[in-house]
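Input: a single structure, listed below in structure tokens.
2 protein chains.
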Amino acid sequence: MNPIQAPLNEMRFLLEHVFDADATWQSMPALAGVADLDTATAILDEAARINAELVHPLNRSGDEEGVRFEDGAVLTPSGYKEAYNAFVEGGWVGLCGDPEYGGMGMPKMLGVLVDEIAYSACNAFNLYSSLTAGAALAINAHGTDELKAQYLPKLYSGEWAGAMDMTEPQAGSDLRNIRTRAEPQDDGSYLISGSKIFITGGDQDMTDNVVHLVLAKISGASSLSLFLVPKRLPDTDGNAGESNGVSVGSIEHKMGLKGSATCVMNFDSARGWLIGRENKGLACMFTMMNYERLAIGIQGLGSAQAAVQMATEYAKERLQGTAPGSANPSDAIIVHGDVRRMLLTIRTLTDAGRVLALDTGKQLDLAKFSDDAAVIEKASRYVGLLTPVAKAFLTDRGLDITIMAQQVFGGHGYIRETGIEQLVRDTRIAQIYEGTNGIQAIDFLGRKVCGDNLATLKAFVAEKLTTLEGESSKKRALEAGFSRFIEVASWINERKLANPSLINASAVEMLDAFGYLLYGLYHLTMAQVAGRAAPELASAKAQFCDFYFAKVLPRADALLTQVQAGDEVVMGIDESLL
Amino acid sequence: MNPIQAPLNEMRFLLEHVFDADATWQSMPALAGVADLDTATAILDEAARINAELVHPLNRSGDEEGVRFEDGAVLTPSGYKEAYNAFVEGGWVGLCGDPEYGGMGMPKMLGVLVDEIAYSACNAFNLYSSLTAGAALAINAHGTDELKAQYLPKLYSGEWAGAMDMTEPQAGSDLRNIRTRAEPQDDGSYLISGSKIFITGGDQDMTDNVVHLVLAKISGASSLSLFLVPKRLPDTDGNAGESNGVSVGSIEHKMGLKGSATCVMNFDSARGWLIGRENKGLACMFTMMNYERLAIGIQGLGSAQAAVQMATEYAKERLQGTAPGSANPSDAIIVHGDVRRMLLTIRTLTDAGRVLALDTGKQLDLAKFSDDAAVIEKASRYVGLLTPVAKAFLTDRGLDITIMAQQVFGGHGYIRETGIEQLVRDTRIAQIYEGTNGIQAIDFLGRKVCGDNLATLKAFVAEKLTTLEGESSKKRALEAGFSRFIEVASWINERKLANPSLINASAVEMLDAFGYLLYGLYHLTMAQVAGRAAPELASAKAQFCDFYFAKVLPRADALLTQVQAGDEVVMGIDESLL
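Here the protein sequences come in this chain order: A and V.
Using full-length UniProt numbering, read the first sequence as starting at 1 and increasing by one per residue.
Using full-length UniProt numbering, read the second sequence as starting at 1 and increasing by one per residue.
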């Protein structure tokens, strides 16, 4: 069983027909001549190959062996170092990086598909390069030209890795409580002191250097600033030189992601350089955060895709019971209605999830590469609206999907060697890190929906609905569903000042309702586009759409009903009764 | 943090006021004089103490260390053997056992609460004694007097353990494919040969002997028979004597339950004795299966209860963010609406789950102990209706609850030492073994609901609704909900012959819808009873009820809408498109 036969046909269909990628990319000067459908197809083919051949074989062994911490050093599982070096040589870290510093300058729409393939192959392995790409993004967006020239080529090439250092024991979801300090030096650098926890890829034995982006407070300040703090200082040739007061205190033992090092990092007067402006560290982080949050959403999507493939293959092979009227001694379990219901549920959620990832990626590309100010402004708002949905909904459904896929395996799904239980354990964290899904939902409802009194939400929904062709009961169902969603969101918006807990208490249900509606829209879009432009997929897409509307979409209405009950049932009860 | 402060006040409230246990027990001659509320309270107190002091300390170490297999022997984690011997000395294996053979003769209504406490303390540890009690039950129900005298005292005392040997590699959900053979011998015994997999507690190093109940086919037969096959044959003094051709081939490495041995068992001309009649093995297993399935449901409930306690304590202690308008630098996270929503969701699902467990236990008691044939007949049908719901709904919601509780912990929930991630891993199997929850749902809808054309369902629902007091919008909501459920079930029942896949494709949604409605009924019942008879609980119960109706119950309607879409969307799609 090979769980990472990447869905290349599906990806090509989405790029070519649903997103009209060539036209989209040609409309942006920085992408015209760089990205086109044929290049994208070749890159996806190669991503599928290298992840299948090089990365996926380490998935289970890395889980069994895990990362070790010995004498202050972090040791990755056997084979990681060799595979990592071969992987980064392919230029994958710099796929969407700035060409001025050695990146390939590809659009995020392509990046999300490559990320999906990589996470399908191995959640843990892909985090090292994903974090590195994220650090490069922040440095590119906010660093000085000197820092960019010094660090970006090393990061894009994979010679050095990157890490994000935000969390402290007392400062998780609430970063105001960060205690790490930065002392300004005469040469313009800072000395950073403090401890960080839960630092993914905080150290490892695969690269010469790790470049930490550290949130800290400049002495005397109460706001946060962002610093670049390398594990080893660059020498005069730009290579990793002397140590810099950055050390690993310990590593965490986790439910999953055992091949990924989760470190306690200690900074002891480590030399760092400001990224962006003083006391504006959070704003710098947030530039990057939209990309990172989407990337973590795609961890959920990649796990889901692997789970769908594994469960579907198993259901076609495993003989048990018979179909009604069958004369066989046993049939493959895919004949059973309940097994099919599970397979179709996880398939339709995964297929729509890929569209959400691409849609978010497209808005990121427009915001970054367009030369039309109006396009940039609108795309930026859509990025804001879609990012928390992509992060939370892709990872929440990602866990649902891996668990349902595991159920298809029966008892064999609980055994480690089958591999499906590892997907459940590995993907579980994606609902938590990079901002818990509760935080995402509050960002979505509080800032993105209510922040501009629903203006962005209404514009986005109206625009999406106009892309649907003709008239149909499904289109009317979506119009009614979104209309109800907007009505409930308006009801919340009107009460947000008088009742400041209403958003917090309703946020997850609202994000989920929006996600289910949006997936319905994506399914109808795919069915319509395939019917018109991809006859080989038309039947499947139409039937997946029928299934989704019948068997999944009704959840949205229930969620909105729950929200309309208000928050008194949540907030009214005395804590002592819990 | 101690996750097993058993909810003794809640249990007492349910026994005394909701189930009127004293009156119920006095109505059954075999229980009158044996079970009363004071005895039950004393037993629950002691169960809470011994599980907290003796068993729970092994929960995490057993998970870290796991069961080992060395030189053909199964070695349990450090401390298991000592704790097990101390545990069984308390008579817990024989709690509900037959007093004629050394059991305590207590009702299952008490047994389910003791089981919940034990599973809360340690999923893995409790399986050994739970399987032993299950084996004793089957022997007592169908074994000869000689076998009963020989084996039951050893099982009730815990000196010997029990195991159920059903699954084979090619025979999981479909037991017709079992290949294990039984060769009749002149002395009335049989020689058993074959291999079984996934045998929980198939062997260990804690007891002198393991008594296997093995499903096999007598040579020449196509139906299954049930055999008692001890690992070691009793000697003339009735103690464990010579070996009996029963050996362990290997043990499984699993997602969780690492302290529980899951064995491949090999039977090589092992001597066995028939339990029940030849070729009627499945019927014998099913006697026991109702108890076993309820017990596994309670694994889900026990995990849920532990998770609720852990998450609630954490939410009251963890400082992060502030409540709207708060002047504190940080508040405990329980002030946040989304955290409260999670805590109330898991609390209300767990509280109602306990009522479902007790309700099922009560019907088992009536069916077993009543001297009124009409009572026995009705209770047996209610047992049939409720058992698959208790098994599937308690374990499906059990996983949901542990996952939501884990989310309350944020990043700390993903770290092993916090303990909440172990609950997720340990309880996951309960949705699979003892008949997958899909199988439970098909049993529920196909056999229990449609099998008698809804007669039992309608009688049960009508009886339950009449127990509700007065008039209220909640009561009307339940009446409408159950009425719609019956309507949809009738629609399925009318089509079951013409469309034989409809039941299979709709079963899980129907079981879930019924479960959510039933939980609504239990919450309204608790609120009404507390309001009348337990003023100290009245406010909490009323508010939990409000929350459940507003924030959870709407799921039932969505599920019924999904079912009404029919099964064409499930069955119609060509397999090749998946």
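Every residue, glycine too, gets a C-beta built ideally from N, C-alpha and C.
Using the C-alpha atoms, what's the distance from residue 317/V back to residue 264/V?
45 Å
Residues of chain B with CB closer than 8 Å to the CB of residue 338/A, please, in chain order.
No chain B appears in this structure, whose protein chains are A and V.
Could you name the residues of chain A that residue 63/V contacts, counting a contact when the two beta carbons are closer than 8 Å?
Per Cβ cutoff of 8 Å: no residues; residue 63/V is ~11 Å from chain A at best.
Please report how far the alpha carbon of residue 5/A lies from the alpha carbon of residue 118/V, in whole angstroms.
Going from the Cα of residue 5/A to the Cα of residue 118/V covers about 44 Å.
Could you tell me the alpha carbon to alpha carbon distance between residue 375/V and residue 472/A, rounded to whole angstroms?
Whole-angstrom Cα-Cα distance: 54 Å.
Nonlocal neighbours in the same chain, by C-beta distance under 6 Å from residue 266/A, ignoring five residues either side
Close CB contacts of residue 266/A within its chain, under the 6 Å cut and outside five residues either way in sequence, are with 195, 247 and 249 (chain order).
Taking only beta-carbon positions, decide if residue 543/V is within less than 9 Å of chain A.
Residue 543/V belongs to the set of residues whose beta carbon lies under 9 Å from a beta carbon in chain A.
Let's test the definition: count the other Cβ atoms within 10 Å of the Cβ of residue 504/V and tell me whether it reaches 16, buried, or not, exposed.
Answer is buried; the Cβ neighbour count reaches 16.
Report the residues of the stretch 165-191 of chain V with a CB closer than 9 Å to any CB of chain A, ordered along the chain.
Residues 167, 170, 171, 172, 173, 174, 176 and 177.
Please identify, using Cβ separations under 7 Å, the residues of the stretch 287-313 of chain A that lie next to chain V, in order along the chain.
312
Is the distance from the Cβ of residue 217/A to the Cβ of residue 182/A below 9 Å?
yes
Do you know how far the Cα of residue 224/A is from the Cα of residue 190/A?
14 Å
Less than 9 Å between CB atoms is the rule here; does residue 198/A satisfy it with respect to chain V?
Closer than 9 Å to some Cβ of chain V, the Cβ of residue 198/A qualifies, so yes.
In angstroms, rounded to a whole number, what distance separates the CA positions of residue 322/V and residue 80/V?
Between residue 322/V and residue 80/V, the C-alpha separation is close to 44 Å.
7 Å Cβ shell around residue 367/A - same chain, five flanking residues per side excluded
If you ignore the 5 residues before and after residue 367/A, its C-beta comes within less than 7 Å of the C-beta of 376, 379, 380 and 383, all in its own chain and listed in chain order.
Residue 198/A - containing beta strand (DSSP E), residue span:
190-200
Contact set between residue 343/V and chain A, taken where Cβ atoms lie within less than 8 Å
578
Quick one: does residue 392/V have its CB under 9 Å from some CB of chain A?
Not a single CB atom of chain A sits nearer than 9 Å to the CB of residue 392/V.
List the DSSP bridge partners of residue 240/V.
234/V
Could you check which residue in 561/A, 556/A, 554/A and 545/A has the C-alpha nearest to that of residue 551/V?
561/A
Tell me whether residue 405/V, by its Cβ, gets closer than 8 Å to a heavy atom of the ligand MN.
You won't find the ligand MN in this model; it holds no ligand whatsoever.
Can you list, in chain order, the residues of its chain with a C-beta nearer than 6 Å to that of residue 570/A? Leave out the 5 residues immediately preceding and following it.
505
For residue 232/V, return the contacting residues in chain A, with the cut-off set at a CB-CB distance below 8 Å.
Result: empty, since nearest Cβ-Cβ is about 28 Å, beyond 8 Å.
Cα separation between residue 469/V and residue 537/A?
57 Å
What residue ranges within the stretch 76-127 of chain A form continuous alpha helix (DSSP H) runs of no fewer than 4 residues, ordered along the chain?
80-89 and 108-121
Using a cut-off of 9 Å between C-beta atoms, extract the partners of residue 466/V located in chain A.
The contacting residues do not exist; residue 466/V stays about 27 Å from chain A at best.
Terminal residues of the continuous beta strand (DSSP E) containing residue 251/A?
246-251
Compute the Euclidean distance between the alpha carbons of residue 299/V and residue 274/V, then round it to the nearest angstrom.
30 Å
When DSSP builds the beta bridges, which residues end up paired with residue 225/A?
216/A
On the criterion of 16 or more Cβ atoms from any shown chain inside 10 Å, does residue 417/A qualify as buried, or is it exposed?
exposed
Contacts that residue 561/V makes with chain A (C-beta to C-beta distance below 7 Å)
554
Residue 16/V vs residue 37/V beta-carbon contact at 9 Å
yes
For the alpha helix (DSSP H) containing residue 385/A, list its first residue and its last residue.
373-408
If you follow the alpha helix (DSSP H) that residue 355/A is part of, which residue opens it and which one closes it?
337-369
By DSSP's criteria, residue 267/V is part of a beta bridge. Which residues make up the other side?
Bridge partners of residue 267/V: 194/V and 246/V.
Is the beta carbon of residue 155/V less than 9 Å from the beta carbon of residue 139/V?
yes
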